[in-house]
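Undergrad: Following the UniProt record's numbering, the numbering of the sequence shown begins with 1 at its first residue and continues without gaps.
Cβ coordinates follow ideal geometry from the N, Cα and C atoms, glycine included.
Just so we're clear, the structure is a prediction, and the values are computed from it rather than from any experiment.
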Amino acid sequence: MTCLNGQHLSDDFNISSNTRDMTKSLVLAFFLSSWSFQVDAQVLVQAAHTALQPQIGRDADGFKLCGVRALVLDKKPTVIEAYDFSINLRADMFDGLIKAGKSTTTLKDFNRGITSSKAVVPAPVAFWIANELNGKPLMPTSVIPAETPGFILAGGDFVQSWETILAIMKGERMQMALRYKNQGIDTVVSFSGSLKDEEQKPLFACLEGLQERIVNEASQASKK
């Protein structure tokens, strides 16, 4: 910025009026470009409510799927936005499995106990989630439309997915965002939820069982 400050330049150099005009133009261009970057800015909001649901799946060989589903509500002046996402680990996949979308309900309907079950369409194009104190987010490695209208299905790094599930389970403060096509500003929602003891214990057991199964299957495969 110092080199664009006309006052500082004129103190050091005897610049012509044309140079001053050029400097003013550069300063104006700088501010205009800064304004354009704000289109890609992020707005942080605090969730009004968070509900968590453990997801556990079994097959004949034991635990096959473990994860958590979250419903995060963002209260706006006239509508309630409900972010609905799940992060799961599967015995037959090397990536975490992410599903995400959102629905909107007018505040008037919400206060009357009426909520929308239809997701916003078209589906989002991106999703990320991170521990509030950790700068590195879990981001999809690939994104495809889900069978459920308005949702995306995506793969994510296995270890990061595991750590994110644990963080959500433990009630740590998280941040997440969905991005839609032509959306200039991302709404980053800060949230934390909790699972009851009777919900946490089976999910911890599922994760431990899934880890043991993956290790055993990998060991057997290496012997073939």
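Using the Cα positions of S116 and K224, report the straight-line distance between them to the nearest angstrom.
TA: Translated into positions along the sequence shown, residue 116 becomes position 116. Translated into positions along the sequence shown, residue 224 becomes position 224. Whole-angstrom Cα-Cα distance: 52 Å.
Undergrad: Helix, strand or coil: how does DSSP classify K118 here?
TA: On the sequence shown, residue 118 is found 118 positions in, with the first residue counted as 1. In the structure shown, K118 sits in coil (DSSP, three-state: anything other than H, G, I, E or B).
Undergrad: Please return the same chain residues whose Cβ sits closer than 6 Å to the Cβ of E199, not counting the five positions on each side in sequence.
TA: Within the sequence shown, the letter at position 199 stands for residue 199. Excluding positions up to five away in sequence, the list reads P54.
Undergrad: Between the C-alpha atoms of T187 and K196, what's the straight-line distance to the nearest angstrom?
TA: The count along the sequence shown starts at 1 and reaches residue 187 at position 187. The count along the sequence shown starts at 1 and reaches residue 196 at position 196. Approximately 29 Å between the Cα atoms of the pair.
Undergrad: Taking the alpha-carbon positions, what's the E208 to K76 distance?
TA: In the sequence shown, residue 208 corresponds to position 208, counting from 1. In the sequence shown, residue 76 corresponds to position 76, counting from 1. Looking at the two C-alpha atoms, the distance is approximately 40 Å.
Undergrad: Please work out which residues of its chain come closer than 8 Å, Cβ to Cβ, to S103, disregarding the five sequence neighbours upstream and downstream, and give them in chain order.
TA: Residue numbering aside, residue 103 sits at position 103 when the sequence shown is read from its first letter. The residues are E81, A82, D84, T115, S116, S117, K118, A119, V120 and G150.
Undergrad: Could you pull out every residue in the same chain whose Cβ sits closer than 8 Å to the Cβ of V39, ignoring the five residues on either side in sequence?
TA: Numbered from its first residue, the sequence shown carries residue 39 at position 39. At V39, the pLDDT of 41 sits below 50, so the modelled position is not reliable; the number obtained from the coordinates is stated separately. The answer, listed in chain order, is G184 and I185.
Undergrad: Compare the Cα-Cα distances from residue 258 to each of K201, W162 and L178 and report the closest residue.
TA: What the structure shows of the chain is the stretch from 1 to 224, and residue 258 is not part of that stretch, so it cannot be assessed.
Undergrad: Determine, using beta-carbon pairs with one atom in the segment 165 to 177 and one in the segment 107 to 114, whether at least three such pairs fall under 8 Å.
TA: No: the two stretches stay apart, fewer than three of their Cβ pairs being nearer than 8 Å.
Undergrad: So L138 packs on G155, CB below 8 Å; how close in whole Å?
TA: Locating residue 138 in the sequence shown gives position 138, counting from the first residue. Locating residue 155 in the sequence shown gives position 155, counting from the first residue. Not a contact, Cβ separation roughly 11 Å.
Undergrad: Take the Cβ of Q175 as the centre, count every other Cβ of all protein chains shown within 10 Å, and call the residue buried at 16 or more, exposed below.
TA: By one-based count along the sequence shown, residue 175 stands at place 175. With 16 or more Cβ atoms within 10 Å of its Cβ, Q175 is classed as buried.
Undergrad: DSSP beta-bridge partners for F204?
TA: Taking the first residue of the sequence shown as 1, we reach residue 204 at position 204. Its beta-bridge partners do not exist; DSSP assigns none.
Undergrad: Using the DSSP secondary-structure output, state which residues sit across from K102 in a beta bridge.
TA: If you number the sequence shown from 1, residue 102 lands on position 102. K102 is bridged to Y83.
Undergrad: What's the gap between the Cα of R69 and the Cα of Y180?
TA: By one-based count along the sequence shown, residue 69 stands at place 69. By one-based count along the sequence shown, residue 180 stands at place 180. Cα to Cα, R69 sits roughly 21 Å from Y180.
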